[in-house]
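One structure below.
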Amino acid sequence: MPPLKAITTRPTTKKIEVGLDAPFRAIADRGNGITDEITTTVTWSSTNPAVATVQATGPLAGLVHPVAPGKTTIVARDRATGIANVDGATEVRARAVSLSVEPSTPVLPERVRFPMRCYANRADGSRSDVTADATWASSSANVTVGRQEIGRAHV
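Using this note's numbering, the letters of the sequence shown correspond one by one to residues 205 to 359.
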């Protein structure tokens with residue numbers, strides 16, 4: 205096996221919610237396109253345990269437990285070489301307590317495409333746009349949701 209050149213972690217989008225544990229994975233980059241998963245052979249840590257903790261080693265290594273809203277960096281460090289990931293910060297958001305769609309009651313003429321947005325309303329009073337993450341559907345046979353146009357209703 206070629207020597208370790210770098211480590212990246214997954215998920216690549218590092219936005220997680222308080223109370224919802226998130227499994228992270230460590231991927232070894234050995235150069236020339238060679239990669240392998242090393243999640244259980246690295247030591248994990250959090251730069252801000254007041255925001256999120258992480259299972260350091262063992263069969264649950266890389267399991268992140270979000271504690272409070274804020275930012276931290278989840279670090280995966282190779283025990284033999286000391287090489288660590290440089291993926292950047294993980295954002296911990298307050299837990300979503302409800303979803304809202306805007307506009308809530310659109311009235312549209314036929315054959316019109318209309319943009320709609322979905323927002324997560326969070327426990328701390330903030331909200332975030334989750335339009336691309338939402339699964340869209342309509343209860344009306346006369347309205348379709350375009351798969352390539354997430355958040356658009358077709359009447």
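Every residue gets a Cβ at the ideal spot worked out from N, C-alpha and C, and that includes glycine. Since we're looking at a predicted model, the values are computed, not measured.
Bridge pairing for D333: Y323 [DSSP]. With a 10 Å radius around the Cβ and a threshold of 16 neighbouring Cβ atoms, S250 comes out buried. Taking 8 Å as the cut-off, the Cβ atoms of P263 and T244 count as close. The beta-bridge partner set that DSSP reports for D233 consists of A210 and T239. Boundaries of the beta strand (DSSP E) around L267: L267 to P270.
Excluding five sequence positions before and after I242, the CB atoms of its chain that fall closer than 6 Å to its own CB belong to A230 and A232, given in chain order. CA-to-CA, the gap between M205 and A256 works out to about 33 Å. CA-CA distance, G329 to S342, rounds to 28 Å.
Where T285 is concerned, there is no enclosing beta strand (DSSP E), because DSSP gives it neither an H nor an E. Within the same chain, and ignoring the five residues on either side of R331 in sequence, the residues whose Cβ sits closer than 8 Å to its Cβ are S304, Y323, A324 and N325. Judged by their CB atoms, I278 and V258 are nearer to each other than the 8 Å cut-off.
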